[in-house]
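In UniProt numbering, the protein residues as written are 1 to 272. Glycine included, every Cβ here is placed at the ideal spot set by N, Cα and C. Only a predicted model underlies this, so the values are computations on that prediction, with no experimental measurement involved. These notes concern the structure reproduced below.
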């Protein structure tokens, strides 16, 4: 099993600690960077000095051959920082850039989300950056990035149209290849979808994953509502179930931050 680690960026994250990660065969180390400069990152994090500590940790990890990743949260405040972060990631030689699209739960509820149209702009920009900067970009809670990638590749004949219809798909989402276990043993579809499907103190994780009603429904597209139910990209997307739950109270509602309108949904609405 490959183990990745995301340590808190504090003065305790010394070169000696990073050396220990390498000795223990940690596969990769990720740190959070939400601004491209000390001023913007430290303001967002509320802790002076964290930018320099993070950059130093990334540089040192690379120098000893430990793959690195940057984690970035996309909000109204951090969106202007994205181009600078892409350049910084390239210059630091990171292995991956994990871009998290805000779900308004917990402390995240205090931050400003982008609109659906702004999400679309950022997702298409990320695709272009993956080409120009040669960065491996992953998104969290933005499964519609897969739709964007397919659409962009179709323009240049890089993607086979059959991929859209492939029922196996290429996606992994809440309750589908992914679970979150709380410190109390509660099993959730993800860390942002806090609906318990059972407790590992009472049932095995395998039993909960395979048989819990919530998990089974989240893996069955027929339970989806609105435009997500009929979207032709549904096999590779499904929308963020966590965001639907956070913003509507229903994990099966349509993705609230997706600007795409499926042809089947246009026809269905017109029929009404």
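Rounded C-alpha distance that separates residue i from residue j
i: residue 166; j: residue 235; result: Caution is warranted here: a pLDDT of 49 is assigned to residue 166, below 50, making its placement in the model unreliable, and no coordinate value can be reported.
i: residue 221; j: residue 174; result: 13 Å
i: residue 170; j: residue 141; result: In this predicted model, residue 170 has a pLDDT of only 49, less than 50, meaning its place in the structure is not dependable enough to derive any value.
i: residue 84; j: residue 117; result: 22 Å
i: residue 105; j: residue 178; result: 19 Å
i: residue 210; j: residue 233; result: 25 Å
i: residue 81; j: residue 261; result: 29 Å
i: residue 87; j: residue 50; result: 19 Å
i: residue 96; j: residue 135; result: 6 Å
i: residue 10; j: residue 69; result: 17 Å
i: residue 5; j: residue 94; result: 14 Å
i: residue 155; j: residue 203; result: 48 Å
i: residue 184; j: residue 16; result: 32 Å
i: residue 176; j: residue 215; result: 8 Å
i: residue 148; j: residue 264; result: 18 Å
i: residue 130; j: residue 152; result: 12 Å
i: residue 269; j: residue 248; result: 20 Å
i: residue 213; j: residue 38; result: 46 Å
i: residue 40; j: residue 266; result: 42 Å
i: residue 63; j: residue 48; result: 25 Å
i: residue 168; j: residue 208; result: With a pLDDT of only 46 at residue 168, under 50, the local geometry of the prediction cannot be trusted, and no value is derived from it.
i: residue 271; j: residue 110; result: 39 Å
i: residue 128; j: residue 46; result: 31 Å
Burial state of residue i (16 or more Cβ within 10 Å)
i: residue 144; result: buried
i: residue 32; result: buried
i: residue 54; result: buried
i: residue 197; result: buried
i: residue 8; result: exposed
i: residue 42; result: buried
i: residue 226; result: buried
i: residue 253; result: buried
i: residue 126; result: buried
i: residue 57; result: buried
i: residue 187; result: buried
Cβ-based neighbour list, residue i, same chain, cut-off 6 Å, excluding 5 preceding and 5 following
i: residue 308; result: There is no way to answer for residue 308, as the model of the chain reaches only from 1 to 272.
i: residue 259; result: 116, 117 and 120
i: residue 245; result: 193 and 251
i: residue 71; result: 30, 32 and 98
i: residue 18; result: 60 and 61
i: residue 224; result: 252
i: residue 231; result: 262
i: residue 199; result: 185 and 186
Proximity to residue i [Cα-Cα], best of the options
i: residue 26; options: 48, 181, 253 and 2; result: 2
i: residue 29; options: 37, 51 and 60; result: 60
i: residue 112; options: 125, 124 and 76; result: 76
i: residue 201; options: 182, 191 and 114; result: 182
i: residue 132; options: 110, 150, 139 and 91; result: 91
i: residue 79; options: 58, 67, 44 and 57; result: 44
i: residue 36; options: 56, 266, 66 and 89; result: 89
i: residue 138; options: 187, 40 and 123; result: 123
i: residue 21; options: 150, 40 and 67; result: 67
i: residue 23; options: 65, 206 and 12; result: 65
i: residue 114; options: 12, 257, 266 and 271; result: 257
i: residue 13; options: 40, 199, 191 and 52; result: 52
Residues near residue i in its chain [Cβ-Cβ closer than 7 Å; skip 5 each side]
i: residue 241; result: 173, 174, 189, 193, 218 and 251
i: residue 73; result: 34, 100 and 102
i: residue 255; result: 144, 228, 239, 240, 243 and 244
i: residue 191; result: 180
Residue i beta carbon near the ligand MN (any heavy atom closer than 6 Å)
i: residue 226; result: Only the bare structure without any ligand can be found here, which leaves the ligand MN out of the picture.
Close beta carbons around residue i, own chain, < 8 Å, minus the five adjacent residues each side
i: residue 205; result: 179, 181 and 187
i: residue 195; result: 188, 189, 214, 245 and 251
What alpha helix (DSSP H) runs, 4 residues minimum, are completely inside the segment 194–243?
205–211, 213–218 and 226–230
Within the segment 105–132, note down every full alpha helix (DSSP H) run reaching 4 residues or more, in order along the chain.
116–132
Whole runs of the alpha helix (DSSP H) within the segment 6–54, excluding any shorter than 4 residues:
15–23 and 38–45
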